[in-house]
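This report refers to the structure that appears directly beneath it.
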Amino acid sequence: MRRVQTRIALALAALAAALLLAACGSSDDGDGATTAGSGSGGGTFKVGYLGPIAGPLAYLTEGDLAGLRTYLDGVNADGGANGRKIELVVLDDQAKPDTAATQYRQLVRDGVGVVAGMPISTTGEALVRDTDRNEVALLGYGLVTETLMASPYSFTTGWTPEQYVQAVAEFVESRELGDGAKLAFVGSETPASREAARLIAEHGKESGAWSVVGEAFLPATLTDVNPSLAPIARQRPDAIVQWTPSLPIIAAAYRAQGMTDVPILAPYYTDEVQGAALRLPNYYYPQLFVSPASNDPGVRSIALAAARAGAGGAQDKPYFGFGYAAGALIAAALERCEGDCDGAAFAAALRETDTEVRGFSHGQFGFAGGSRVAFTSARWMHFDPRGGYATRPVTDWFDVD
């Protein structure tokens, strides 16, 4: 397995990268697309990005896109990857599968080598047929369902429902909830959430470690979740497994239903300001990479790079790390890719890519070895009310394969 050293490792390099970018005059084309100049001898490699950029679901892409921009801007300022500058073309799919499919085909016609974003599995699944036919890969944290992972052109920086089941099992064991623990499931109305609920129930039944005593699937437009959570509260679960963003409206319903003392296991990082606003004393999430908000020296360089790239503060937001990871993987794959590096060639390079970002990951970070899931280890974190809702680990790192 060849390790490819990425271009941003130290704070000094990150600062220099961002300053050089400003000097070279990268521009925004008005609809969120960052355009870089041609590379020395290598031309330009285009990266598409699809997701809800505006509207009520924009929080799903805000941090992700900022992380991707931060990394790719730094690569461009440092001379590009494999002699190529990277151009980022951003389109707002409004979280509509039909719109995303049309825009994906547009990006393919425009010559992109990979399409990032797609935080919602419903959108990703709408693209699979076109992806396999056009051989232009998808790379995003929401591309986690069995349907998506069956495609050789689908890669995720998030984690799959199967991995989440392993993490839930680790939590149940580490917190000594005991065999026969009662779990409830609260998810969004998406394919990934439905798949996670099914696998949670199946694992509990097969292992005897838990039973699922209630499920609720929440559409994005729901304004009052109390009617959905009230039946779960009546079952008095030992823990709630959540596969939906941690929105204040959901936290308010947990409090209203008297479930503030129930451990809530959320799938992704929530920034500490938002975590404190939820006011849930038993709120947990599994960390896949070292949080950019932490004090690790390597991670501080990421925060500096974000600030210099015009994304100051974004490194503390949910999903920033997923976008930053996507940028690192794209740059590393481009270093491997020879010739014209069209969609099929880039996808082949991506399948063989491992990389390192100093202070960022624990365990494998990349796809080499046959996996198309970037992260294979995690640890449970707690938003501790005693520390002002700062996060702290409550388990060691464990494998999720």
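If you're matching positions, the sequence shown starts at 368 in the working numbering and goes up one per residue.
Cβ atoms here follow ideal geometry from the backbone N, Cα and C, with glycine treated the same way.
In this text the structure is predicted, and so the values were computed from the model without any measurement.
Touch check for the region 507-516 and the region 711-730: three-plus C-beta pairs under 8 angstroms?
Contact annotation: the region 507-516 does not touch the region 711-730, with fewer than three C-beta pairs closer than 8 angstroms.
Does the distance from the CB of A559 to the CB of S488 come in under 7 angstroms?
Going by C-beta atoms, A559 is nearer than 7 angstroms to S488.
Compare the beta carbon distance of V761 and H749 with 7 angstroms and say whether it is the shorter of the two.
Pairing V761 with H749 gives a Cβ-Cβ distance under 7 angstroms.
Closest by C-alpha distance to A568, when choosing among V535, A587, P519, L596
Nearest option by C-alpha distance: V535.
Measuring CB to CB, does Y636 end up less than 7 angstroms from P685?
The answer is yes: Cβ separation under 7 angstroms.
Around the Cβ of S518, are there at least 16 other Cβ atoms within 10 angstroms (buried) or fewer (exposed)?
With 16 or more other CB atoms across the displayed protein chains lying within 10 angstroms of its CB, S518 is buried.
Paired residues, beta bridge with Q609 - DSSP
V553.
On the three-state DSSP scale, how would you describe M748?
In the structure shown, M748 sits in a strand (DSSP, three-state: E or B).
Taking the CB atoms as reference points, tell me whether P655 and A745 lie closer together than 7 angstroms.
With the sequence shown as reference, residue 655 is identified as Leu, and Pro is not the correct amino acid for it. Between L655 and A745, the gap from beta carbon to beta carbon is short of 7 angstroms.
Please confirm if the region 416-435 is in contact with the region 444-452, defined as three or more CB-CB distances below 8 angstroms between the two stretches.
Too few Cβ pairs lie closer than 8 angstroms, so no.
Go through its chain and collect everything with a Cβ distance to R436's Cβ below 7 angstroms, but skip five positions before and after it.
Excluding the 5 residues flanking it on each side, R436 has same chain C-beta neighbours closer than 7 angstroms at T401, L455, A676, A678, in chain order.
Measure from the alpha carbon of D628 to the alpha carbon of each residue in P752, A564, T428, G480, then state which is nearest.
Here the closest residue by C-alpha is P752.
Using alpha carbons as the reference points, say which of R451, D440, M485 lies closest to D459.
D459 has its Cα closest to that of M485, out of R451, D440, M485.
Would you identify the three-state DSSP class for E719, choosing helix, strand or coil?
DSSP places E719 in coil when its eight states are reduced to three.
Look up A674 in the DSSP assignment and give the residues it is bridged to.
Under DSSP, A674 takes part in no beta bridge, so it has no partner.
Alpha carbon to alpha carbon, how far is V592 from R603? Give it in angstroms, no decimals.
Annotation: R603 to V592 spans about 17 angstroms, alpha carbon to alpha carbon.
When burial is assigned at 16 or more other CB atoms within 10 Å of the CB, is Q473 buried or exposed?
It counts as exposed.
Out of A693, A716, G710, which has the shortest C-alpha to C-alpha gap to C704?
Of the candidates A693, A716, G710, A716 places its Cα closest to the Cα of C704.
Please check the pair A551 and V579, which I expect to be a contact at CB under 8 angstroms, by giving their CB distance rounded to whole angstroms.
Contact holds; Cβ gap of about 7 angstroms.
Quick one: complete beta strand (DSSP E) runs, 3+ long, within the region 624-708?
As far as the region 624-708 is concerned, its whole beta strand (DSSP E) runs of at least 3 residues are 650-654.
Assign V767 to one of three DSSP states: helix, strand, or coil.
In the structure shown, V767 sits in coil (DSSP, three-state: anything other than H, G, I, E or B).
Three Cβ pairs or more, each shorter than 8 angstroms: is that satisfied between the region 492-499 and the region 519-530?
The answer is yes - the region 519-530 touches the region 492-499, with three or more Cβ pairs under 8 angstroms.
Here's a check: name, in chain order, each residue in its chain whose Cβ is nearer than 6 angstroms to the Cβ of A714, leaving out the five neighbours to either side.
For A714, where only same-chain residues beyond five positions count, the Cβ hits under 6 angstroms are A504, Y520.
Reference P419; option with closest CA among F412, K413, D431:
Looking at F412, K413, D431, the one whose alpha-carbon comes closest to that of P419 is D431.
Exposed or buried, V640, counting other C-beta atoms within 10 Å across all chains shown (16 or more means buried)?
V640 comes out exposed.
In this structure, does DSSP put L388 in helix, strand or coil?
The pLDDT assigned to L388 is 35, lower than 50, so where the model puts this residue is not dependable, and the model offers no usable value.
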